[in-house]
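Residue numbers (the working numbering), protein chains in the order written: chain A, 114 to 469; chain B, 114 to 469.
1. What is the DSSP secondary structure of residue 309 of chain A, reduced to helix, strand or coil?
2. Would you say the segment 447–460 of chain A touches the segment 156–170 of chain A, given that touching needs at least three Cβ pairs under 8 Å?
3. Can you name the start and end residues of the beta strand (DSSP E) that residue 237 of chain B belongs to?
4. Hey, how far is the Cα of residue 469 of chain A from the Cα of residue 404 of chain A?
5. According to DSSP, which residues form a beta bridge with residue 220 of chain A?
6. So, with DSSP's three-state summary, where would you put residue 441 of chain B?
7. Give the C-beta separation of residue 314 of chain B and residue 291 of chain B to the nearest angstrom, bearing in mind that I take them to be a contact with Cβ-Cβ under 8 Å.
8. Using CA coordinates, which residue listed in A:233, A:132, A:273, A:288 is at the minimum distance from residue 255 of chain A?
9. Helix, strand or coil for residue 449 of chain A per DSSP?
10. How about residue 389 of chain A: is its C-beta nearer than 8 Å to some C-beta of chain B?
11. Looking at the unbroken alpha helix (DSSP H) that takes in residue 231 of chain B, where does it start and where does it end?
12. Straight-line CA distance for residue 144 of chain A to residue 425 of chain B?
13. Which term fits residue 197 of chain B, buried or exposed, when burial requires 16 or more other beta carbons within 10 angstroms of its beta carbon?
14. Distance, Cα to Cα, residue 345 of chain A vs residue 312 of chain A?
15. Show which residues of chain B have a CB atom less than 7 Å away from the CB atom of residue 198 of chain A.
16. Taking a contact to mean a Cβ-Cβ separation below 8 Å, would you say residue 406 of chain B touches residue 147 of chain B in this structure?
17. If you follow the alpha helix (DSSP H) that residue 254 of chain B is part of, which residue opens it and which one closes it?
18. Going along chain B, which residues have a C-beta under 8 Å from residue 318 of chain A?
19. Could you check what DSSP says for residue 200 of chain A in three-state terms: helix, strand or coil?
20. Is residue 410 of chain A helix, strand or coil by DSSP?
21. How do the segment 126–141 of chain B and the segment 334–345 of chain B stand: do at least 3 beta-carbon pairs fall below 8 Å, yes or no?
22. Excluding the five sequence neighbours on either side, which residues of its own chain have a C-beta within less than 6 Å of the C-beta of residue 374 of chain B, listed in chain order?
23. Kindly give me the distance between the Cβ atoms of residue 168 of chain A and residue 326 of chain B, rounded to whole angstroms, as I take these residues to be in contact under 8 Å.
24. Should residue 147 of chain B be flagged as near chain A, meaning a C-beta pair shorter than 8 Å?
25. Would residue 380 of chain A be called buried (16 or more neighbouring beta carbons within 10 Å of its own) or exposed?
26. For residue 350 of chain A, which residues in the same chain have their Cβ closer than 7 Å to its Cβ, ignoring the five residues on either side in sequence?
27. Alpha carbon to alpha carbon, how far is residue 133 of chain B from residue 269 of chain A? Give it in angstroms, no decimals.
28. Can you grab the Cα-Cα spacing for the pair residue 116 of chain B / residue 210 of chain A, in whole Å?
29. Which term fits residue 453 of chain A, buried or exposed, when burial requires 16 or more other beta carbons within 10 angstroms of its beta carbon?
30. Return the chain-ordered list of same chain residues with a C-beta closer than 8 Å to the C-beta of residue 347 of chain B, the five sequence neighbours on each side being excluded.
31. For a contact meaning CB atoms closer than 7 Å, what does residue 334 of chain A contact in chain B?
32. By the DSSP assignment, the beta strand (DSSP E) with residue 261 of chain B in it spans what residues?
33. Would a check of beta-carbon distances place residue 139 of chain A closer than 8 Å to chain B?
34. Does the beta-carbon of residue 471 of chain A have 16 or more other beta-carbons within 10 angstroms, so that it is buried, or is it exposed?
35. Classify residue 141 of chain A as helix, strand or coil using the three-state DSSP reduction.
36. Do you know offhand how far residue 367 of chain B's Cα is from residue 429 of chain B's?
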């Protein structure tokens, strides 16, 4: 049946994103979306872009969006690449730097898309075990035989490395690409953007899907030296010249310019996270110190898989992976305060305990 | 400088799309965009989708858009794949069926993205010379040693093969993928969609960028048997789960459902094309019989390259390639009647002739 397929695809295991249910209304704490809507200015910009010019191709270089990213980050335009969500940027980076047998190190617990990119682009990945407490063993990423791919904060562990450790890794791999995936950085970790002008082997990837509440619009970006940005453009322009549509470019640029809304929203998520973490600890959960918009929790008495199922039956979606090292854990996205109160009450009920 | 790049990228020549000028207002007849705006219903749908749900990821399977494509084409949903413009769909198809040394035949004059896909995915392409009149030599595409890639109508030649010839090619390559790129089919050629249920080696690719006036929104689709659709989904989900954003899905679906607007618009473009073709013939141009929204013209006395430059100076952009077999030709997109009258007057002036 698959005889026409490229042979390496036949057993390829694609990435499986968190469920996007259609059957009923859930409290959706499974895909790390933001519980708050995007900036009203982003919505206004989308509406303003809904005009006759949609007949024209977008700017393939995303000029106006790159302007907004430059303002947001303080970096020059020449060090920025805009793409269709950070997943596209990550895929382009794997193709540009880690293809066809190139080596890269990444933690064994990390974003589950990395092994998929590695499979389709032929990266020779060495998975470095994270420590027992899920922190990243920094020393193991110095003098990598190839590049380094690291989410900071890491997913799904929620734990972050301090900037000094990231700099040690970047400085410890001259001439080898260090990719830092900062999808969740706005929820309490330190960005490595400030190192871009100092190191020519650092690629930092960001998204508007999380802190900017724009998962539905598909926009992300990369920061690196001109040589790195040129490589991403080369791959992109060999595949699809226009991946970010006119409306996404306009909406994303407006969201980045509404700093105040961004600051307010991410602080609300952080505050809710701290309250939810305390309540779950009160129910006996153990967890990593989250610098993300999700918690990575385990309960000493109640198996994660059963809890996942019991929550689903009650209309609450969280994320569970039946994979080594994480199968006793749940990843719970931070919703509104009300969402998290409902979650905590449901868990308390499932555990047969009163809320503390 | 490029030592970190994957070695095959260093000399890769990306696709170069037609110019999207920012310096001044041009009459833009260089990228085959539709001169008319998208359906008002598409604009309304985009505006309606500009809401708080943009915080959520889109449906990665583009369910509601696939519904609209199924209605538009009369095919079952299981035979449809929706993507970020037909360029993305083509890239996924090259990766899925023509990667890593797989063979494919394509005309030597064709969409200039095909050689770029071939380079980045490692397709072993045999370029079959088109006839002197730019028609495709059908017999040369029977019993291909690998697959077949064919734009119908072809670009930039504008010429189309009749459906019977397409069927001969599909039937003449059992077990080998025949990819028919129908980006321009709505301007007068016959679609091969009706063959999908009969042949399991046929992949037909479409776009909303041309006849539906939605180049700015990035939406296209593929039609094929379930096995072919599964291959496209496998590659897509190894690269980026959500390439078509919420707003594009909504706008594209609404455009497809506004059949009346679509029919009116494409007929207007066809009528303008016939008038423009007659006027240019009156100025001494020779051309292929266009079934597309562009003309592929040559003038026996005036070099195409000089005409391209002279038109640009007058604020009119057309497309010119300094490539074998086409360097004496211009590709002129069909604009409004007024655009084309301005073009014809400018050319008459450049040629030093009166308009006929």
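We put the beta carbon where it would ideally sit given N, CA and C, even for glycine.
Result, derived from the coordinates:
1. Taking the first chain and counting its residues from 1, one reaches residue 309 of chain A at position 196. Reduced to three states, the DSSP call for residue 309 of chain A is coil.
2. Cβ pair count under 8 Å is below three, so no.
3. What you label residue 237 of chain B is simply residue 124 of the second chain in a count that begins at 1. 237–241 is the span of the beta strand (DSSP E), which, as asked, contains residue 237 of chain B.
4. For the purposes of this step, residue 469 of chain A is taken as the residue at position 356 of the first chain. For the purposes of this step, residue 404 of chain A is taken as the residue at position 291 of the first chain. With a pLDDT of 46 at residue 469 of chain A, under the threshold of 50, the modelled position of this residue cannot be trusted; read the value that follows with caution. Distance between the alpha carbons of residue 469 of chain A and residue 404 of chain A: 24 Å.
5. Position 107 of the first chain, counting from 1, holds the residue named residue 220 of chain A. Its beta-bridge partners are A:241.
6. Counting from one through the second chain, the residue named residue 441 of chain B turns up at place 328. Note: residue 441 of chain B maps to coil in three-state DSSP.
7. Residue 314 of chain B sits at position 201 when you count from the first residue of the second chain. Residue 291 of chain B sits at position 178 when you count from the first residue of the second chain. Rounded, the Cβ-Cβ distance is 6 Å, consistent with contact.
8. Looking up residue 255 of chain A in the first chain gives position 142. When each option's Cα is compared against that of residue 255 of chain A, the closest is A:288.
9. Locating residue 449 of chain A in the first chain gives position 336, where the first residue counts as 1. Coil.
10. Numbered from its first residue, the first chain carries residue 389 of chain A at position 276. The C-beta of residue 389 of chain A comes no closer than 8 Å to any C-beta of chain B.
11. The residue labelled residue 231 of chain B in the question sits at position 118 within the second chain. Per DSSP, residue 231 of chain B belongs to the alpha helix (DSSP H) from 227–234.
12. Walking along the first chain from the start, residue 144 of chain A turns up at place 31. Walking along the second chain from the start, residue 425 of chain B turns up at place 312. If I take the Cα positions, the gap works out to 49 Å.
13. In the second chain, the residue the question calls residue 197 of chain B occupies position 84. With 16 or more other Cβ atoms from the protein chains shown falling within 10 Å of its own Cβ, residue 197 of chain B counts as buried.
14. By one-based count along the first chain, residue 345 of chain A stands at place 232. By one-based count along the first chain, residue 312 of chain A stands at place 199. Approximately 17 Å, taken between the alpha carbons.
15. If you number the first chain from 1, residue 198 of chain A lands on position 85. Ordered by position in chain B, the residues that pass the 7 Å Cβ test against residue 198 of chain A are 353, 355.
16. Here the question's residue 406 of chain B lines up with position 293 in the second chain. Here the question's residue 147 of chain B lines up with position 34 in the second chain. Against a cut-off of 8 Å, the Cβ pair of residue 147 of chain B and residue 406 of chain B comes out as a contact.
17. Within the second chain, numbered from 1, the residue matching residue 254 of chain B stands at position 141. Note, residue 254 of chain B: premise wrong, no alpha helix (DSSP H); not H, not E.
18. Position 205 of the first chain, counted from the start, is the residue given in the question as residue 318 of chain A. Ordered by position in chain B, no residue passes the 8 Å Cβ test against residue 318 of chain A, which lies about 13 Å from the chain.
19. Taking the first chain and counting its residues from 1, one reaches residue 200 of chain A at position 87. Of the three classes helix, strand and coil, the one that applies to residue 200 of chain A here is helix, per DSSP.
20. Against the first chain, residue 410 of chain A aligns to sequence position 297. DSSP places residue 410 of chain A in strand when its eight states are reduced to three.
21. no
22. Taking the second chain and counting its residues from 1, one reaches residue 374 of chain B at position 261. Hits under 6 Å: 152.
23. Numbered from 1 along the first chain, position 55 holds the residue referred to as residue 168 of chain A. Numbered from 1 along the second chain, position 213 holds the residue referred to as residue 326 of chain B. At roughly 4 Å, the Cβ-Cβ gap stays under 8 Å, so residue 168 of chain A and residue 326 of chain B are in contact.
24. Taking the second chain and counting its residues from 1, the one referred to as residue 147 of chain B is at position 34. Yes, because at least one Cβ of chain A sits closer than 8 Å to the Cβ of residue 147 of chain B.
25. Taking the first residue of the first chain as 1, we reach residue 380 of chain A at position 267. Flag for residue 380 of chain A reads exposed.
26. Within the first chain, the letter at position 237 stands for residue 350 of chain A. Answer for residue 350 of chain A: no residue qualifies.
27. For the purposes of this step, residue 269 of chain A is taken as residue 156 along the first chain, with counting starting at 1. For the purposes of this step, residue 133 of chain B is taken as residue 20 along the second chain, with counting starting at 1. Roughly 41 Å between the two C-alpha positions.
28. Here the question's residue 116 of chain B lines up with position 3 in the second chain. Here the question's residue 210 of chain A lines up with position 97 in the first chain. Whole-angstrom Cα-Cα distance: 9 Å.
29. Walking along the first chain from the start, residue 453 of chain A turns up at place 340. Per the 10 Å Cβ criterion, buried.
30. The residue given as residue 347 of chain B occupies position 234 in the second chain. Answer for residue 347 of chain B: 209, listed in chain order.
31. Position 221 of the first chain, counting from 1, holds the residue named residue 334 of chain A. The contacting residues do not exist; residue 334 of chain A stays about 15 Å from chain B at best.
32. Walking along the second chain from the start, residue 261 of chain B turns up at place 148. Residue 261 of chain B -> beta strand (DSSP E) spans 260–264.
33. Position 26 of the first chain, counted from the first residue, corresponds to residue 139 of chain A. By this cut-off, residue 139 of chain A is not an interface position.
34. Because chain A spans 114 through 469 in this model, residue 471 of chain A falls outside it and cannot be assessed.
35. Locating residue 141 of chain A in the first chain gives position 28, where the first residue counts as 1. Residue 141 of chain A: strand per DSSP, three-state reduction.
36. Looking up residue 367 of chain B in the second chain gives position 254. Looking up residue 429 of chain B in the second chain gives position 316. When rounded, the separation of the alpha-carbon atoms in residue 367 of chain B and residue 429 of chain B is 32 Å.
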